[in-house]
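First residue of the sequence shown: 1450, per the numbering used here; consecutive thereafter. Each residue gets a CB set at the ideal place from its N, CA and C atoms; glycine is no exception.
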Amino acid sequence: MSHTDFVRDFLKAIGRDQVVGDKDHWYFPDAVQVEFPNKLLPKGATRNLADLKAAGERGRAIVERQTYEVVSTIESGDAVAVEAIFRATFKVDMLGLPKGQTMTARFAMFFTMQDGRISRHHTYDCFEPW
């Protein structure tokens, strides 16, 4: 399986709500995810595996449905770059977005792979107005 195929499967698994409890399959043990500042996280966040699991559990409590539509990918060695359209609906009102309405964002994500798993994941999130 190519690194790009792995990342595509990872994004599909998030949409099926399968990543939080299966971190060992997706992430290298000392993986780090960096989410740069955006509308939902104005200060951004840097997360290790424990932080990723906690964030996933918080998301599970409020996200009704989420999907990633992959627009393009580039793979070079152990690096994969992904442009995707993220869509989510929430179980609660979210920053002025009424419960049940779809939030849309364009994501640029950069993954570094190690031993077939994600070791670094940087994401730049650009949310469409709501």
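With contact defined as three or more Cβ pairs closer than 8 Å, the stretch 1500-1507 and the stretch 1536-1552 are not in contact.
Val1483 carries a strand assignment under DSSP once its states are collapsed to helix, strand and coil. Per the coordinates, the alpha-carbon of Val1468 lies some 7 Å from the alpha-carbon of Trp1475. Under the DSSP assignment, Glu1518 falls in the beta strand (DSSP E) whose first and last residues are Val1512 to Ser1525.
Under the three-state reduction of DSSP output, Asp1574 falls in the strand class.
When only Cα atoms are considered, Phe1455 and Tyr1573 end up about 20 Å apart. Taking 7 Å as the cut-off, the beta carbon of Thr1453 is found no closer than this to the beta carbon of Val1519. Residues of the same chain with a CB within less than 7 Å of the CB of Phe1477, apart from the 5 flanking positions on each side, are Gln1563, Asp1564, Arg1566, Ile1567 and Ser1568 in chain order. Ranked by Cα distance from Arg1496, the options Val1483, Thr1561 and Glu1577 are led by Val1483.
Leu1489 sits exposed, since fewer than 16 C-beta atoms from the chains shown fall within 10 Å of its C-beta.
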